[in-house]
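Novice:
Number of protein chains: 2
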Amino acid sequence: MNRIKPRTLSGFMELLPADQMKMEAFMETLQHTYALYGFTPLDTPVIESAEVLLAKGGGETEKQIYRFQKGDSDLALRFDLTVPLAKYVALNYAKLSFPFRRYQIGKVYRGERAQRGRFREFYQADIDIIGDGALDILNEAEIPSIIYRTFHALGLSKFVIRVNNRRILNGFYAMLGLSAQSGEIMRTVDKLDKIGAEKVRALLMEDCGVSPADADEILRFIAIGGGSAAVIAALEGYRGRNETFDRGLDELKAVTAYLPEFGVPEENFAVDLTIARGLDYYTGTVYETTLTEHPEIGSVCSGGRYDDLAGYYTDRALPGVGISIGLTRLFYVLQEQGMLSNAIVTAPADVLVIPMTTDLALAVRTATTLRAADIRAQLYTEQKKFRARMTYADRMGFPFVILIGEDEIAREKVTLKDMRSGEQIAVSPQMAAAAVQRALEERKGGAVIQE
Amino acid sequence: MNRIKPRTLSGFMELLPADQMKMEAFMETLQHTYALYGFTPLDTPVIESAEVLLAKGGGETEKQIYRFQKGDSDLALRFDLTVPLAKYVALNYAKLSFPFRRYQIGKVYRGERAQRGRFREFYQADIDIIGDGALDILNEAEIPSIIYRTFHALGLSKFVIRVNNRRILNGFYAMLGLSAQSGEIMRTVDKLDKIGAEKVRALLMEDCGVSPADADEILRFIAIGGGSAAVIAALEGYRGRNETFDRGLDELKAVTAYLPEFGVPEENFAVDLTIARGLDYYTGTVYETTLTEHPEIGSVCSGGRYDDLAGYYTDRALPGVGISIGLTRLFYVLQEQGMLSNAIVTAPADVLVIPMTTDLALAVRTATTLRAADIRAQLYTEQKKFRARMTYADRMGFPFVILIGEDEIAREKVTLKDMRSGEQIAVSPQMAAAAVQRALEERKGGAVIQE
Numbered sequence: 008m009n010r011i012k013p014r015t016l017s018g019f020m021e022l023l024p025a026d027q028m029k030m031e032a033f034m035e036t037l038q039h040t041y042a043l044y045g046f047t048p049l050d051t052p053v054i055e056s057a058e059v060l061l062a063k064g065g066g067e068t069e070k071q072i073y074r075f076q077k078g079d080s081d082l083a084l085r086f087d088l089t090v091p092l093a094k095y096v097a098l099n100y101a102k103l104s105f106p107f108r109r110y111q112i113g114k115v116y117r118g119e120r121a122q123r124g125r126f127r128e129f130y131q132a133d134i135d136i137i138g139d140g141a142l143d144i145l146n147e148a149e150i151p152s153i154i155y156r157t158f159h160a161l162g163l164s165k166f167v168i169r170v171n172n173r174r175i176l177n178g179f180y181a182m183l184g185l186s187a188q189s190g191e192i193m194r195t196v197d198k199l200d201k202i203g204a205e206k207v208r209a210l211l212m213e214d215c216g217v218s219p220a221d222a223d224e225i226l227r228f229i230a231i232g233g234g235s236a237a238v239i240a241a242l243e244g245y246r247g248r249n250e251t252f253d254r255g256l257d258e259l260k261a262v263t264a265y266l267p268e269f270g271v272p273e274e275n276f277a278v279d280l281t282i283a284r285g286l287d288y289y290t291g292t293v294y295e296t297t298l299t300e301h302p303e304i305g306s307v308c309s310g311g312r313y314d315d316l317a318g319y320y321t322d323r324a325l326p327g328v329g330i331s332i333g334l335t336r337l338f339y340v341l342q343e344q345g346m347l348s349n350a351i352v353t354a355p356a357d358v359l360v361i362p363m364t365t366d367l368a369l370a371v372r373t374a375t376t377l378r379a380a381d382i383r384a385q386l387y388t389e390q391k392k393f394r395a396r397m398t399y400a401d402r403m404g405f406p407f408v409i410l411i412g413e414d415e416i417a418r419e420k421v422t423l424k425d426m427r428s429g430e431q432i433a434v435s436p437q438m439a440a441a442a443v444q445r446a447l448e449e450r451k452g453g454a455v456i457q458e
Numbered sequence: 008m009n010r011i012k013p014r015t016l017s018g019f020m021e022l023l024p025a026d027q028m029k030m031e032a033f034m035e036t037l038q039h040t041y042a043l044y045g046f047t048p049l050d051t052p053v054i055e056s057a058e059v060l061l062a063k064g065g066g067e068t069e070k071q072i073y074r075f076q077k078g079d080s081d082l083a084l085r086f087d088l089t090v091p092l093a094k095y096v097a098l099n100y101a102k103l104s105f106p107f108r109r110y111q112i113g114k115v116y117r118g119e120r121a122q123r124g125r126f127r128e129f130y131q132a133d134i135d136i137i138g139d140g141a142l143d144i145l146n147e148a149e150i151p152s153i154i155y156r157t158f159h160a161l162g163l164s165k166f167v168i169r170v171n172n173r174r175i176l177n178g179f180y181a182m183l184g185l186s187a188q189s190g191e192i193m194r195t196v197d198k199l200d201k202i203g204a205e206k207v208r209a210l211l212m213e214d215c216g217v218s219p220a221d222a223d224e225i226l227r228f229i230a231i232g233g234g235s236a237a238v239i240a241a242l243e244g245y246r247g248r249n250e251t252f253d254r255g256l257d258e259l260k261a262v263t264a265y266l267p268e269f270g271v272p273e274e275n276f277a278v279d280l281t282i283a284r285g286l287d288y289y290t291g292t293v294y295e296t297t298l299t300e301h302p303e304i305g306s307v308c309s310g311g312r313y314d315d316l317a318g319y320y321t322d323r324a325l326p327g328v329g330i331s332i333g334l335t336r337l338f339y340v341l342q343e344q345g346m347l348s349n350a351i352v353t354a355p356a357d358v359l360v361i362p363m364t365t366d367l368a369l370a371v372r373t374a375t376t377l378r379a380a381d382i383r384a385q386l387y388t389e390q391k392k393f394r395a396r397m398t399y400a401d402r403m404g405f406p407f408v409i410l411i412g413e414d415e416i417a418r419e420k421v422t423l424k425d426m427r428s429g430e431q432i433a434v435s436p437q438m439a440a441a442a443v444q445r446a447l448e449e450r451k452g453g454a455v456i457q458e
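See the structure below:
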């Protein structure tokens, strides 16, 4: 036969079973947390009409898009989950109730230049809350709580949710008479972490046409720090000079007002006037999340408030707030950093049942008993030596093995071996199920990330 | 702004939130059941190199494939989950342990002619067990148990898992000297349900060149019925005339030997000599599953034993057994038949928390308390009249609503309303969480399908 060399395209993540189990644990944690906050799962096609997908106009994205003809149709693969959401809401407006809260964890496609850690197919995990005409500020206030609970559930404690408000920045630049350049200034200031204050100051003057005095003023402003209360107090000093600024400050205060009631610890939250998010799309609160000990990773969960979700499809005002996690990249980075827990069970089952004779009745009955007790059980009946069977059990990391030989069949008992301690007991299948259940209950609760 | 009409391509399923919740319940049931049998989840790219994906040669499939260029690359979207599995196993052979048991629930793409109930993007839910060189027959014997538990967990009881063995058919046709035509004969006999015995007889003679006497013999053979034991007893009468037949009969006996131990009720299982599965790929046991009261749907879960998973990638012998559910089509048909349960909660949360004053502290604290107790809670703070808020709660189907007005705040209590009974109680947030938890526990267990 003419053989083809099997390969997976570069830029496409394909995990080995143990890593895939960790990825599944990761995704389940996200799904579970999002559901706790009343988000409904959504699934949209990977393929859309190119006209629909590119309605907004693409810029950088358009070059990266996977676009092709099939018959007479001009098709494209989705490059984010926001455009499909906009389409969905505009299309189903009359059938939805608002606010519409949805989460979507799905693959998106961008034909980026292949390089290490860059993916062409990757999962995004998005949540959005869409209002019909208006959306209460409390929705924005709830987002840090969702981010906190998500990363906490994943196993992290050393992270900071950084929050700002675009109106505060726009209002402040308006005070300086720099409204025309405000977008450009924000993008420059956004580089502060990477290039430092001196270079930002130079760029502000060279690229944004800001005077030396204003550049200093801007750097002074964005350097305001010292905890949320202190930042807000400092911002109050600017009140009354610009309406947009004042509204942004009120929104920021509303966003921080209920943090204790939302269960967000102070150390995991910061008002940070340097963050702006690049996109003009955002109009109010903006969010970034950084790992305290891994600032080099950048933001692992970002988003913000926008006024116009679907203007390119509908004349209805659909304001919203949303955040997104670049799941595939985050998983890859955590893996590289050795931050994925080795404590979670990655075996395909909790128990491997190994019959040692040709009479399989007790072995099958035992597996059935375990499954009825909601325990994952695999039967191993391949014609291999005992040693090869135990190597299989070891290599796959089964927490328990059940051995069934002639003795066991004669006594209607099975030998249950705890692979961690090496302990063995002879018990009935029912008792084995109960013992495994107890042990799994005790051992569970391991998060997928370890700091 | 120049607006584009939002639309979803025909042949692509996109569900409204309540239906999507049912689809999620469907998928979770499959995942959970597959995990109970020791299958590990697998995720492979949607896009593969066209050369790799079409290594086997496509026939009908090749015409339907989504294939396109990106830069210099000739790419294609996967059209099933079997070829990606073959690629994965061949590629990662040295890193996997065998038998390798995996499940994959993923979207596949076929550019079929669009028509009602036909999908171009659809989920397949596959399980396969791959052996290294050999695979014990018990793996084939376990499959009916997996099918039984899956459909039982989905809420069905009226279904039959129909099993046959291709060696029995091949052996039988060899006895008649019809080996050369056996594939064609099987495909003809496969139509028995649809066109009846008379037409099958005619086709056997006209298209397959079978003599009238042999056609009668074939029809007599495939009509053998009366329960597994009776069929096997009748088949024993043919033993000793053909080696392939005898081996097939031994395998069939092994597959039926442990059905009681596997927990498969007799009424959900049948040996059926008419089924063959169209593909030459299958070499031993074959499976089909039909809904007793909806035979028009055809088989909802099919598969079989094959000897050569990945011959077009590797010279290693990789025998296996697998089954597949065409999830999107099955969901669509069940929806059409009104067989999706309306009893399962499709609201995005279990509790809608509605504050009635501008002081939101207690409302936020209550939502946080509920979430800490693993109860899905949504805060509703939009500036709407009370009636509009309750309409939202009704329309979305929240099982519980919590109302918090000035009285509640003064007493640090909340009003918990059971939306089904209309009952209201005033309790602390902790007590509300406990009450909801109890109620949800009592109400749960509803399956996604109702017969």
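As you go down the protein sequences, you meet chains X and L in turn. Per my numbering, residue 8 is the first one in the first sequence, and the count goes up by one each step. Per my numbering, residue 8 is the first one in the second sequence, and the count goes up by one each step. Idealized CB from N, CA, C, for every residue including glycine.
Is Y41 (chain X) close to the ligand PLP? I mean its beta-carbon at under 7 angstroms from any heavy atom of the ligand.
Specialist: The ligand PLP is absent from the structure shown, which contains no ligands of any kind.
Novice: Under 7 angstroms, CB to CB, which of the residues in the stretch 52–74 of chain L have a partner in chain X?
Specialist: P52, V53, I54, E55, S56, E58, V59, A62 and Y73
Novice: What's the call for R383 (chain X), buried or exposed, on a 16-neighbour Cβ count within 10 Å?
Specialist: Mapped onto the first sequence, residue 383 (chain X) falls at position 376. R383 (chain X) comes out buried.
Novice: Taking a Cβ distance cut-off of 7 angstroms, strictly less, list which residues of the stretch 385–412 of chain L are near chain B, in chain order.
Specialist: This model lacks chain B altogether, as its protein chains are X and L.
Novice: Tell me whether F75 (chain X) sits in a helix, a strand or coil according to DSSP, three-state version.
Specialist: Indexing the first sequence from 1 puts residue 75 (chain X) at position 68. If DSSP states are grouped into helix, strand and coil, F75 (chain X) belongs with the strands.
Novice: Touching or not, the stretch 195–206 of chain L and the stretch 263–279 of chain L, by the rule of three or more beta carbon pairs under 8 angstroms?
Specialist: no
Novice: Taking the continuous beta strand (DSSP E) assigned at F158 (chain X), which residues delimit it?
Specialist: As a first step, residue 158 (chain X) must be located in the first sequence, where it is residue number 151. Element bounds for F158 (chain X): not the beta strand (DSSP E) but the alpha helix (DSSP H), L145 to L161.
Novice: Sorted by chain position, which residues of the same chain lie with C-beta nearer than 7 angstroms to A241 (chain L)'s C-beta, five sequence neighbours on each side aside?
Specialist: Here residue 241 (chain L) corresponds to residue number 234 of the second sequence, with the count starting at 1. Contacts found: I231.
Novice: Since T335 (chain X) and N172 (chain X) are thought to touch, with beta carbons under 8 angstroms apart, how far apart are those beta carbons, to the nearest angstrom?
Specialist: Reading the first sequence from its first residue, position 328 is the one you call residue 335 (chain X). Reading the first sequence from its first residue, position 165 is the one you call residue 172 (chain X). With a Cβ gap of about 30 angstroms, T335 (chain X) and N172 (chain X) do not count as contacting.
Novice: Give the interface partners of Q27 (chain L) over in chain X, defined as CB-CB distance under 8 angstroms, in chain order.
Specialist: Residue 27 (chain L) sits at position 20 when you count from the first residue of the second sequence. Ordered by position in chain X, the residues that pass the 8 angstroms Cβ test against Q27 (chain L) are T47, P48, L49 and D50.
Novice: Let's test the definition: count the other Cβ atoms within 10 Å of the Cβ of I432 (chain X) and tell me whether it reaches 16, buried, or not, exposed.
Specialist: For the purposes of this step, residue 432 (chain X) is taken as the residue at position 425 of the first sequence. Per the 10 Å Cβ criterion, exposed.
Novice: Could you pull out every residue in the same chain whose Cβ sits closer than 6 angstroms to the Cβ of S4 (chain L), ignoring the five residues on either side in sequence?
Specialist: The requested residue 4 (chain L) is not part of the displayed model; chain L covers only 8 to 458.
Novice: Should E300 (chain X) be labelled buried (16 or more other beta-carbon atoms within 10 Å of its own) or exposed?
Specialist: Here residue 300 (chain X) refers to the residue found at position 293 of the first sequence. E300 (chain X) comes out exposed.
Novice: Return the bridge partner residues of T292 (chain L) from the DSSP annotation.
Specialist: The sequence position of residue 292 (chain L) within the second sequence is 285, counting from 1. DSSP output for T292 (chain L) lists L:N172 as bridge partner(s).
Novice: So F407 (chain X) and K424 (chain X) are supposed to be a Cβ contact under 8 angstroms. How far apart are they, rounded?
Specialist: On the first sequence, position 400 is the one that residue 407 (chain X) refers to. On the first sequence, position 417 is the one that residue 424 (chain X) refers to. Between K424 (chain X) and F407 (chain X) the Cβ distance is about 7 angstroms, and since that is below 8 angstroms, they are a contact.
Novice: List, in chain order, every chain L residue whose beta-carbon is nearer than 7 angstroms to that of A42 (chain X).
Specialist: Counting from 1 along the first sequence, the entry for residue 42 (chain X) is found at position 35. Correct list: R383.
Novice: Determine the burial state of S152 (chain L): buried for a count of at least 16 other Cβ atoms within 10 Å of its Cβ, exposed for fewer.
Specialist: As a position in the second sequence, residue 152 (chain L) is number 145, starting the count at 1. By the 10 Å Cβ count, S152 (chain L) comes out buried.
Novice: What did DSSP end up calling P52 (chain L) once you bin it into helix, strand or coil?
Specialist: For the purposes of this step, residue 52 (chain L) is taken as the residue at position 45 of the second sequence. Note: P52 (chain L) maps to coil in three-state DSSP.
Novice: I want to see whether chain L comes within less than 8 angstroms of R336 (chain X), judged by CB atoms only; does it?
Specialist: Locating residue 336 (chain X) in the first sequence gives position 329, counting from the first residue. With 8 angstroms as the cut-off, R336 (chain X) does not count as an interface residue toward chain L.
Novice: Could you tell me whether the stretch 36–48 of chain L touches the stretch 106–125 of chain L, using the rule of 3 or more Cβ pairs below 8 angstroms?
Specialist: Counting C-beta pairs closer than 8 angstroms gives three or more between the stretch 36–48 of chain L and the stretch 106–125 of chain L, which meets the contact rule.
Novice: Using a Cβ-Cβ cut-off of 8 angstroms, state whether E430 (chain X) counts as contacting chain L.
Specialist: In the first sequence, residue 430 (chain X) corresponds to position 423, counting from 1. No - not a single Cβ of chain L is within 8 angstroms of the one on E430 (chain X).
Novice: Taking the CB atoms as reference points, tell me whether L280 (chain X) and I229 (chain X) lie closer together than 8 angstroms.
Specialist: The count along the first sequence starts at 1 and reaches residue 280 (chain X) at position 273. The count along the first sequence starts at 1 and reaches residue 229 (chain X) at position 222. The answer is yes: Cβ separation under 8 angstroms.
Novice: Looking at E147 (chain L): is its Cβ nearer than 8 angstroms to the Cβ of R284 (chain L)?
Specialist: Numbered from 1 along the second sequence, position 140 holds the residue referred to as residue 147 (chain L). Numbered from 1 along the second sequence, position 277 holds the residue referred to as residue 284 (chain L). Cβ distance not < 8 angstroms, so E147 (chain L) and R284 (chain L) don't count as in contact.
Novice: Taking just the CA atoms, how far does S189 (chain X) sit from K63 (chain X)?
Specialist: In the first sequence, counting from the first residue as 1, residue 63 (chain X) sits at position 56. In the first sequence, counting from the first residue as 1, residue 189 (chain X) sits at position 182. Spanning the two alpha carbons is a distance of roughly 22 angstroms.
Novice: Using a 10 Å radius around the Cβ and a threshold of 16 neighbouring Cβ atoms, would you call G140 (chain L) buried or exposed?
Specialist: Indexing the second sequence from 1 puts residue 140 (chain L) at position 133. It counts as exposed.
Novice: Check whether the Cβ atoms of F179 (chain L) and F252 (chain L) sit closer than 8 angstroms, and answer yes or no.
Specialist: As a first step, residue 179 (chain L) must be located in the second sequence, where it is residue number 172. As a first step, residue 252 (chain L) must be located in the second sequence, where it is residue number 245. Yes, these two residues count as a Cβ contact at 8 angstroms.
Novice: In the stretch 236–279 of chain L, which residue ranges form an unbroken alpha helix (DSSP H) of at least 4 residues, counting only runs that do not cross its ends?
Specialist: 250–264
Novice: Flag L226 (chain X) as yes if its beta-carbon sits less than 8 angstroms from any beta-carbon of chain L, otherwise no.
Specialist: Residue mapping note: residue 226 (chain X) aligns to position 219 of the first sequence, counting from 1. For L226 (chain X), the answer is no, since every Cβ of chain L falls outside 8 angstroms of its Cβ.
Novice: Which runs of the beta strand (DSSP E), 3 residues or longer, sit entirely within the stretch 75–114 of chain X?
Specialist: 80–84
Novice: Does any C-beta atom of chain L lie closer than 8 angstroms to the C-beta of I11 (chain X)?
Specialist: Translated into the one-based positions of the first sequence, residue 11 (chain X) becomes position 4. Chain L, which has a Cβ nearer than 8 angstroms to the Cβ of I11 (chain X), makes this yes.
Novice: Compute the beta-carbon to beta-carbon distance between P106 (chain X) and E389 (chain L), rounded to the nearest angstrom, for a pair I have assumed lies under 8 angstroms.
Specialist: Taking the first sequence and counting its residues from 1, the one referred to as residue 106 (chain X) is at position 99. Taking the second sequence and counting its residues from 1, the one referred to as residue 389 (chain L) is at position 382. Sure, about 6 angstroms apart at Cβ, within 8 angstroms.
Novice: Let me make sure I understand the geometry here. Which of X:E303, X:I72 and X:L43 has the alpha-carbon closest to that of I54 (chain X)?
Specialist: Counting from one through the first sequence, the residue named residue 54 (chain X) turns up at place 47. Of the candidates X:E303, X:I72 and X:L43, the one whose C-alpha sits nearest the C-alpha of I54 (chain X) is X:I72.
Novice: Which word fits R378 (chain L), buried or exposed, when buried means at least 16 other C-beta atoms lie within 10 angstroms of its C-beta?
Specialist: Here residue 378 (chain L) corresponds to residue number 371 of the second sequence, with the count starting at 1. With 16 or more other Cβ atoms within 10 Å, it is buried.
Novice: Measuring alpha carbon to alpha carbon, tell me which residue in X:E58, X:D401, X:E213 and X:T375 is nearest L84 (chain X).
Specialist: Mapped onto the first sequence, residue 84 (chain X) falls at position 77. Ranking the options by Cα distance to L84 (chain X), first place goes to X:E58.
Novice: Keeping to the same chain, check which residues put their C-beta closer than 6 angstroms to that of D87 (chain L); ignore five residues upstream and five downstream.
Specialist: In the second sequence, residue 87 (chain L) corresponds to position 80, counting from 1. Cβ neighbours of D87 (chain L) beyond the five flanking positions: V115.
Novice: Around the C-beta of D357 (chain X), are 16 or more other C-beta atoms found within 10 angstroms, so that it is buried, or is it exposed?
Specialist: Position 350 of the first sequence holds residue 357 (chain X). So D357 (chain X) ends up on the buried side.
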